[in-house]
Structures are given as structure tokens and as C-alpha cells.
DNA sequence: GGTGCCCTTTGCGAAAGTGCAAACTGAAAT
DNA sequence: ATTTCAGTTTGCACTTTCGCAAAGGGCACC
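Dropping the structure here:
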């Protein structure tokens, strides 16, 4: 038999805030922990939603595939977040795929326990719906951005978001702590890897970012904030 | 004292499906009905979410304002739908404004009754979360569309969506049953009224739509479906 | 029944971003 | 050490879409 999961693993995570240890024990006892290697998929778009998940460590890329084979990345999940919670919204299939962007540790619960869980631990339900609300708000924000902002602004914003979400301080600046390609950024922002490459090269020339293979370091965040807000650099 | 609201008004609407008449009576007794004239606002973006609403008749345009004053229209609400349900997602303010796109009749409940309502009528909660799930899915779909489809496809799609949602059969085709301007369509699709006008003029020349002042009739829907899917007309 | 105001149309030039092609680079595998 | 390959860079022509400007049209209000 697998050892019981440590309460300390999850006690301080937002999804479980305000839940007493006894309830936590109860919730954790229904979960299973597993590792997912970078590049592997946790679940598949349109697949039956048999489980829901909590990301303990690593980064998950959420990917939507369009009918004609293009990919869009509506968000990244970072440690401490719930994901794959289709069931919370009465959906039977996952609306997107989840790919490990770095090696991950995830907890998973069978979807079947959802209703009981929510009924028995209303605080958990409340926390979850707060998450859903935040995601809906973020997604709508993305619609607004795609509808009104230029590519340049959107790419700057994507990099800032990643740096905020999962950045690690280094001597040179804030390093995005998992492999991100130009292609990934382009799929987050609705453009091409070429355009992303051009933009990042120009920012690198200005010393605002430092980038290598699958690696981006934010050096002068405030400059990118200006770009994201549509402030044009002096034309001279 | 105002007369009691008729159960028949709402009995068959999706938000109340599966709810017995006694519960319905209970729920309705907390509601207040009101009329909203075209152009008036039901609530304001960032305003405190004091109430949530059910649209009994008419059409509501949901509007988000960007920091630099541009408008985006993420969705239209049509009769029978809940809206302004920020409270369901533990949010304190409305994330967008709601404007009557035609004369409307709405029911409203004080946000304060939400928790009790959900606790007492779990079916209602379930229905609501299903709605939220659908909206999240639709919004993500919009992100995908904005990220990958050309303006032409997005505009075609917007018209198709409106026609499906609120279209009325007429001898000429399917009429979108409330005033929509080119500007409105452009705000739904992230483009300019000019481009929308050009596209619609060209479709009108082909006989695929008929349009007048604030009025659009879909004549050959299947043609627009092709456009929406990115099928290019014969280049000849 | 005229006038003002919104909404719409359209032309033209310019800008933004794409698509293609080719070359380059660095890490990992043999 | 060499090879391989995914990821990146960059030039150039081209398309899409925008922005501006000006004109046209219809409805409602006086």
C-alpha cells in the first residue's frame, strides 16, 4: 500500500485555504500522486474527464487544437493550482489538453468523488469556484487583449505573465523557470514564431531580455511593461 | 405590494430546469422584475455586484472597456439566460457592463440571497455552474478564434452566432432580431467598423446577406459558414 | 418637410504582420 | 569528434487589415 500523502504538501495551497486538517486528511486520502515527465500529457482534449488534478510541482501547458491543426495555448498552470476541473462545471470532457512543460508532480482524484467532496467540504467548493472565476476573468482579459492590442504588446505581456507566474531571480534578471520556445510564445499570443523571434531579438539588442535556447530571462521588466501598454519607443 | 411573479414565466428556462414548483415559488419570491429600455445599462463594469439577473425578454450586450477607451463585446445574452452572476464565482464586482441591446425585461435578485439559494436549491446551483462552464468554454473558443482566424472568418462567425442565438425567420432569411451596428460587430470581432462594412458590402453583393441600418438578415447561411471555416472563394 | 445626427460606404495610402526560404546555432546523441 | 536535429534568426516579397478622409443615406425630431 502506498504511504499516506503528507498534509504539509498541500496545507498552504490556495485551493485548500481555510480547510481544517481533519478534512484535508479526508480529501488527501482520496488522491493519488504521480510524476509526469516533461512533454508527457496529463490528459487529452475531448477525452472523458475521469479525474481532476492538483499540480504540486512543475509547470503545465494547456493546449487547444483547432480544427485545422493549429495550436493555441490559453494558459500555463503553475505549482499549487487545480486543473482539469471540467467536472466542477458539469462538463464531461476536457476542453483542452494538458502537457507537462517541465517535469511535474501531480495529485489526482477520480471525478466520481467530486460531488461528495463538494458536499462535504463546502470551503473547498468555494475555493474552487473562486479559481474558476479567476480563470474566466483571465480568459476574458485575453479576448480583450487579442481584440485590441498589437502583436508587440501581446508578446511583451506573455513574457511578463510567465515571468511573474514562474520566474526565478538570477543575477541577470528574472528567469522563466522552464523551457519555452518561440513557438510556445507565438501560440500564447496568436502570432508566428518568426514574429516572436524578431521582437525578442530586438529587445535583446536593447538589453531588455536575455534569451537562449528555450530560455528567457527578463532583464528590464519595466521596459516590457511599457511595450505591453502600447507605449511606442522614441522614433528617432 | 407588487403582485407575485408567475411561475410560468420561468418554469421552462434552462436555469430552472429540474426544479420543483415549490422551490421555484420560493426562488421567485426573492426576485424583482423590471424593464430596461434599449441603451440603458443594467450594471456597470467594476461596480459592486449587488444583484444578479435573469433576462426574461430582450437582448443584453456585454461590454468590456479597455484602459485606453476601446470597447470589446465578449458576448450577447438572450432571453432565458442568467447574467451578472459574479457572486457565483466569488467576485465582488462585475467584470463587464451590461447594456440593453433592445428593450428588456429582467428579474433581479440581491446578491445576498445567493448563498442561501444555492444551499437550499442545489439543482439551481448545478444549473448555474453548467452555464458558467459553457461560458468559459465559449470564451476560450473565442480566444482560439481571435488567435488563429482571419478577420473575414471572425466576422462571418459573429453574424452566424447572432443569427443562431436570436434570429427570427422572415421571408428573406434569418433576421437578427435587435439593432446591431457595424461598430458592434467590429467590437465582437476585434476589428474596425470599416472592415466590417467592406466585408458585409461584398457579401451583400453576392446575395449572402441583406443589411440595412442597424439591421442584418442572413440569406445564405451556408455560404457564410464556408467563409467562417476559411474556405476561400474561387480566385478567378 | 427640413435639418441634424448617426450610421454606413468607399477610396487610397500606409503599416503591421505573415509566409517562405535559407542559413545558422548549440545541445545531445553516436 | 562528428553528426544530427530541433530550435532560432533573418531577409524579402506579399497580403491583410488599418487609418484617415470624405461623401452618402435614412430616420427621427423639430
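Residue numbers (this note's numbering), protein chains in the order written: chain G, 235 to 470; chain S, 235 to 470.
Backbone N, C-alpha and C fix where the C-beta goes; we use that ideal spot for every residue, glycine too.
These figures come from a predicted structure and were not determined experimentally.
Between residue 364 of chain G and chain S, the shortest Cβ-Cβ separation is below 7 Å. Taking a C-beta distance under 7 Å as the contact criterion, residue 342 of chain S and residue 285 of chain S qualify as a contact pair.
Separation of the CB atoms of residue 308 of chain G and residue 373 of chain G is rounded to 7 Å, and the pair is thereby assigned contact status at 8 Å. With a contact defined as Cβ atoms closer than 8 Å, residue 362 of chain G and residue 319 of chain G qualify at about 6 Å. One alpha carbon belongs to residue 350 of chain S, the other to residue 333 of chain G, and they sit about 39 Å apart. Residues of the stretch 448-462 of chain G that bring their beta carbon within less than 7 Å of a beta carbon in chain S are absent altogether.
Residue 410 of chain S sits close to residue 397 of chain S, with the two beta carbons spaced by under 7 Å.
Under the three-state reduction of DSSP, residue 465 of chain S is assigned to coil, being neither helix nor strand.
Sequence-distant Cβ neighbours of residue 464 of chain G in its own chain, meaning closer than 6 Å and more than five residues away, are 387.
Each residue's CA atom was taken as its position, placing residue 412 of chain S and residue 443 of chain S some 16 Å apart.
DSSP places residue 310 of chain G inside the beta strand (DSSP E), whose first and last residues are 305-312. Contact annotation: residue 340 of chain S and residue 289 of chain S have beta-carbon atoms nearer than 7 Å.
The beta-carbon of residue 300 of chain G is placed less than 7 Å from the nearest beta-carbon of chain S.
The beta carbon of residue 274 of chain G is closer than 7 Å to those of 334 in its chain, skipping five residues each way along the sequence.
Comparing C-alpha distances from residue 449 of chain S to each of S:461, S:421 and S:408 shows the shortest one belongs to S:408.
Apart from sequence neighbours up to five positions away, the residues of its chain that approach residue 258 of chain G with a beta-carbon distance below 8 Å are 241, 244, 245 and 250, ordered along the chain. Burial check for residue 346 of chain S: the Cβ neighbour count within 10 Å stays below 16, so the residue is exposed. Between residue 423 of chain S and residue 392 of chain S, the C-beta gap is smaller than 7 Å, which places the two residues in contact. For a cut-off of 8 Å, the C-beta gap from residue 376 of chain S to residue 329 of chain S is around 15 Å, too long to register as a contact. Counting only Cβ-Cβ distances below 8 Å, residue 399 of chain G has no contacts in chain S at all, with the closest Cβ about 18 Å away. DSSP places residue 357 of chain S in the helix class (H, G or I) of the three-state scheme.
At a beta-carbon threshold of 7 Å, the residues of chain S lying near residue 377 of chain G are 306, 308, 373, 376, 377 and 380, ordered along the chain. Exposed is the label assigned to residue 456 of chain G, since fewer than 16 other Cβ atoms lie within 10 Å of its Cβ.
Contact of residue 344 of chain G with chain S is not assigned, every C-beta pair being separated by 7 Å or more.
By the neighbour-count definition (other C-beta atoms within 10 Å, threshold 16), residue 459 of chain G is an exposed residue. Within the stretch 312-337 of chain S, contact with chain G at the beta-carbon level (separation under 9 Å) is assigned to 320, 322, 323, 324, 325, 329 and 330. Shown here for residue 352 of chain S: same chain residues with a beta carbon closer than 6 Å to its own, the five before and five after excluded, namely 359 in chain order. Distance from the CA of residue 265 of chain S to the CA of residue 344 of chain S, rounded to the nearest whole angstrom, comes to 8 Å. Here residue 447 of chain G is exposed. Its C-beta has fewer than 16 other C-beta atoms within 10 Å. Following the DSSP letters along the chain, one finds residue 437 of chain S in no beta strand (DSSP E) but inside the alpha helix (DSSP H) bounded by residues 427-439.
With its beta carbon at least 7 Å from every one in chain S, residue 252 of chain G lies outside the interface.
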